Amino acid sequence: MMIKPLRKAVFPVGGLGTRFLPATKAMPKEMLPVVDRPLIQYAVDEALEAGIEQMIFVTGRGKSAIEDHFDIAYELEATMRERGKSMELLHQTRLKPGAVTYVRQQEPMGLGHAIWCARDIVGDEPFAIFLADELMAGTPGCMKQMVDAYQQIGGNIVCGYEVPDDETDRYGIVEPGIENGALVEVRGLVEKPRRGTAPSNLMIPGRYILQPEVMQVLETQEKGAGGEIQLTDAMAQLIGRQPFHAWRFDGERHDCGDKAGYIQANLAFALQREDIGPQVGAFARKLFGNHPAPREAVQLVDEVITVQLRA
196 MMIKPLRKAV FPVGGLGTRF LPATKAMPKE MLPVVDRPLI QYAVDEALEA
246 GIEQMIFVTG RGKSAIEDHF DIAYELEATM RERGKSMELL HQTRLKPGAV
296 TYVRQQEPMG LGHAIWCARD IVGDEPFAIF LADELMAGTP GCMKQMVDAY
346 QQIGGNIVCG YEVPDDETDR YGIVEPGIEN GALVEVRGLV EKPRRGTAPS
396 NLMIPGRYIL QPEVMQVLET QEKGAGGEIQ LTDAMAQLIG RQPFHAWRFD
446 GERHDCGDKA GYIQANLAFA LQREDIGPQV GAFARKLFGN HPAPREAVQL
496 VDEVITVQLR A
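All residue numbers in the sequence shown are consecutive under my numbering, ending with 506.
Dropping the structure here:
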């Protein structure tokens, strides 16, 4: 079987970000910063590490800040040069000419519909999908691990991440088959199963490698859970027709579409920074030291902070 190279990635960034209002009234949720980099930058950097060459952003109204972020900022760069400041941080936001494409999703009809909007740009090639509000931390990156597996087995691969049983009703869940190390055969997919009915606790945290045939399925896909066109439903129709696996990711996942998860991501990433980690760690210890929690809980938090600072 010939395995086509993976060159393209789709970033569905047209959502309204209602869970972060009013912060996202005028700013895309994908531009919310974790320490000093927006969420979309982490996702693009992960794609670049995996060898992906073309970034396809499916946007909506009010998302121009994302386009500006990956463009040249002439006035800012001129001012920084005049003041003798390093340009390295800005150069990290530049992508090669022709490496970025934007397509608009006119109305929010679900993740499956957003992906379908990129069909003409994807063409007949396999493609990756990144949900930017899922911040995946690992070495190598999550998508790099998935691409390495894809180059060996081809087909479709989704990221798999274990969650507690009482959270499975919030996600797309894998029905697992034969396991080979981190690779798990996918026998079925269920979108947000009722609590107590999930086939496993392996959820899909916003990283996918799919074959272009999924676009044909999405063409006539009916609305599913939440009254939206669900990507999970379309992927399920490929099972049995094409190889389908999950890659069990053992790094850290931060759900930055959730307020608590977003704050936790900022704390975790800040603690690992050489420039601010010690100050943030000292503040966290002081904060938890004054918290009216059991002594054992405070001691556990202190141990976690110590581990993060050493990471």
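Idealized CB from N, CA, C, for every residue including glycine.
Since the structure is predicted, the reported quantities are computational estimates derived from the model, not experimental observations.
Residues near P321 by beta carbon distance below 6 Å, same chain, minus five either side | Residue numbering aside, residue 321 sits at position 126 when the sequence shown is read from its first letter. If we look at P321 and ignore the five residues flanking it on each side, its Cβ neighbours are K199, L201 and Q406.
In three-state terms, what does DSSP make of K454?
-> The residue given as residue 454 occupies position 259 in the sequence shown. Reduced to three states, the DSSP call for K454 is helix.
Should Y457 be labelled buried (16 or more other beta-carbon atoms within 10 Å of its own) or exposed?
-> If you number the sequence shown from 1, residue 457 lands on position 262. Burial call: buried.
How about G307 and A429: do their beta carbons lie closer than 8 Å?
-> Here residue 307 refers to the residue found at position 112 when the sequence shown is read from its first residue. Here residue 429 refers to the residue found at position 234 when the sequence shown is read from its first residue. Taking 8 Å as the Cβ cut-off, G307 and A429 qualify as a contacting pair.
For A313, which residues of its own chain have a beta-carbon under 7 Å away from its beta-carbon, when the five flanking residues on both sides are left out?
-> Position 118 of the sequence shown, counted from the start, is the residue given in the question as residue 313. For A313, where only same-chain residues beyond five positions count, the Cβ hits under 7 Å are V205, I251, V253 and V298.
Which residues DSSP lists as bridging R232, in chain order = Position 37 of the sequence shown, counted from the first residue, corresponds to residue 232. Under DSSP, R232 shares a beta bridge with V229.
With DSSP collapsed to three states, give me the class of K556.
-> Nothing in the structure corresponds to residue 556, since the chain is present only between 196 and 506.
For T427, which three-state DSSP category applies?
-> Position 232 of the sequence shown, counted from the start, is the residue given in the question as residue 427. T427: helix per DSSP, three-state reduction.
Ordered along the chain, which non-local residues of its own chain (more than five positions away) have a Cβ less than 7 Å from that of V208?
-> As a first step, residue 208 is located in the sequence shown; it is residue number 13 there, counting from the start. Only P223, E225, I235, F252, V253, T254, K258, I261 and A327 meet the Cβ criterion.
Determine the direct distance from the alpha carbon of R382 to that of G435, and round the result to whole angstroms.
-> For the purposes of this step, residue 435 is taken as the residue at position 240 of the sequence shown. For the purposes of this step, residue 382 is taken as the residue at position 187 of the sequence shown. Distance between the alpha carbons of G435 and R382: 8 Å.
Which residues in the same chain have their Cβ closer than 8 Å to the Cβ of D364, if we skip the five residues on either side of it in sequence?
-> Counted from its first residue, the sequence shown places residue 364 at position 169. Residues of the same chain with a CB within less than 8 Å of the CB of D364, apart from the 5 flanking positions on each side, are K387, P388, R389, R390 and A393 in chain order.
Specify whether the stretch 340-354 and the stretch 395-413 touch according to this definition: at least 3 beta carbon pairs, one from each stretch, less than 8 Å apart.
-> With a cut-off of 8 Å on Cβ pairs, the stretch 340-354 is in contact with the stretch 395-413, counting three or more such pairs.
Return the CA-CA distance between L330 and N375, expressed in angstroms with no decimal places.
-> As a position in the sequence shown, residue 330 is number 135, starting the count at 1. As a position in the sequence shown, residue 375 is number 180, starting the count at 1. Distance between the alpha carbons of L330 and N375 is about 26 Å.
So C337 and F464 are in contact, right, with Cβ under 8 Å, and what is the actual spacing, rounded?
-> Locating residue 337 in the sequence shown gives position 142, where the first residue counts as 1. Locating residue 464 in the sequence shown gives position 269, where the first residue counts as 1. Going by Cβ atoms, the distance from C337 to F464 rounds to 15 Å, so no, they are not a contact pair.
Flag this pair as yes or no: are the beta carbons of G350 and Q437 separated by less than 8 Å?
-> Within the sequence shown, numbered from 1, the residue matching residue 350 stands at position 155. Within the sequence shown, numbered from 1, the residue matching residue 437 stands at position 242. Against a cut-off of 8 Å, the Cβ pair of Q437 and G350 comes out as a contact.
E305 versus P400: straight-line alpha-carbon distance, rounded | Here residue 305 is taken as the residue at index 110 of the sequence shown, counted from 1. Here residue 400 is taken as the residue at index 205 of the sequence shown, counted from 1. Residue identity differs from the one stated: residue 305 is Gly in this sequence, not Glu. Answer to the nearest angstrom: the Cα atoms are 16 Å apart.
Among residues of its own chain, excluding the 5 on either side of Q300, which ones have a beta-carbon nearer than 6 Å to its beta-carbon?
-> Position 105 of the sequence shown, counting from 1, holds the residue named residue 300. Within the same chain, Cβ atoms closer than 6 Å to the Cβ of Q300 are found at G209, V253, G255, A309 and C312, the five residues on either side in sequence being excluded.
According to DSSP, is L285 helix, strand or coil?
-> As a first step, residue 285 is located in the sequence shown; it is residue number 90 there, counting from the start. In the structure shown, the three-state DSSP call for L285 is helix.
What does F322 pair with, by DSSP beta-bridge criteria?
-> Locating residue 322 in the sequence shown gives position 127, counting from the first residue. Beta-bridge annotation (DSSP): F322 is paired with K203 and L405.
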